[in-house]
Amino acid sequence: MTDSTAYHAPSIEVIRKRSDFLAANRGKRFVTPNFILLAHKRRPGHPISDDNMRYGITITKKIGNAVTRNRMKRRFRALLAELLPELGISGVDHIMIGRKQNDERDFEALKADLEKGLRHLTRKLS
Numbered sequence: 009m010t011d012s013t014a015y016h017a018p019s020i021e022v023i024r025k026r027s028d029f030l031a032a033n034r035g036k037r038f039v040t041p042n043f044i045l046l047a048h049k050r051r052p053g054h055p056i057s058d059d060n061m062r063y064g065i066t067i068t069k070k071i072g073n074a075v076t077r078n079r080m081k082r083r084f085r086a087l088l089a090e091l092l093p094e095l096g097i098s099g100v101d102h103i104m105i106g107r108k109q110n111d112e113r114d115f116e117a118l119k120a121d122l123e124k125g126l127r128h129l130t131r132k133l134s
């Protein structure tokens with residue numbers, strides 16, 4: 009049995025097309041020493057529904073070798089999985105771009121930065 013008042017979490021998808029990453033680059037941004045967070049509201053005629061959220065992660069080879077880049081991607085995925093359902097913006101593409109870091113940042117510090125960034129971009133896009 010389903011309850012009509014039950015909470016329905018928004019769908020979260022992964023961005024895979026280069027054109028979607030390029031379009032997100034025209035959106036709002038939040039910069040930290042460890043990553044750049046982009047948020048781009050999709051145009052009204054976009055084939056993806058407005059109640060869906062999407063995210064993408066970009067890590068360039070400047071960051072380091074494959075092991076370093078993959079570790080950074082795993083950490084970003086974990087952060088987004090934890091925070092997007094409650095702080096993400098429906099109808100918006102979220103992109104995290106990794107930046108060169110001198111030391112491994114504490115996961116809680118990255119989480120705090122991402123929370124701050126999502127709240128900031130929510131205000132900017134409203």
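Oh and the sequence shown: position 16 is 24 in this note's numbering, straight run, nothing missing. Positions of the beta carbon are idealized from the N, C-alpha and C atoms, including for glycine. As the structure is a prediction and not an experimental result, all values here were calculated from the model.
When we look at the beta-carbon of residue i and count the other beta-carbons within 10 Å, is it buried (16 or more) or exposed?
i: R62; result: buried
i: R145; result: Nothing can be reported for residue 145, as the shown portion of the chain is limited to 9 through 134.
i: A74; result: exposed
i: R127; result: exposed
i: G106; result: buried
i: M9; result: Any reading at M9 must be qualified, since the residue scores a pLDDT of 47, below 50, and its modelled position is unreliable; no value is offered.
i: A32; result: buried
If you measure between the beta carbons of residue i and residue j, is that distance less than 8 angstroms?
i: L122; j: I97; result: no
i: L129; j: K49; result: no
i: R83; j: F38; result: no
i: I20; j: L92; result: yes
Candidates the options: which alpha carbon is nearest residue i's?
i: Q109; options: E94, A120, I67; result: I67
i: T76; options: R131, G53, E112; result: E112
i: K124; options: E94, D101, G99; result: E94
i: R64; options: A47, R107, I71, D58; result: The sequence given here places Gly at residue 64; Arg does not occur at that position. Closest option to G64, Cα to Cα, is A47.
i: I56; options: G99, M80, I71; result: G99
i: K25; options: R131, L92, D101; result: D101
If I'm right that residue i touches residue j with Cβ under 8 angstroms, what's the distance once you round it to whole angstroms?
i: L118; j: N42; result: 6 angstroms
i: L45; j: M104; result: 6 angstroms
Pull up the DSSP beta-bridge partners for residue i, would you.
i: T66; result: I105
i: F38; result: L45
i: E21; result: R62
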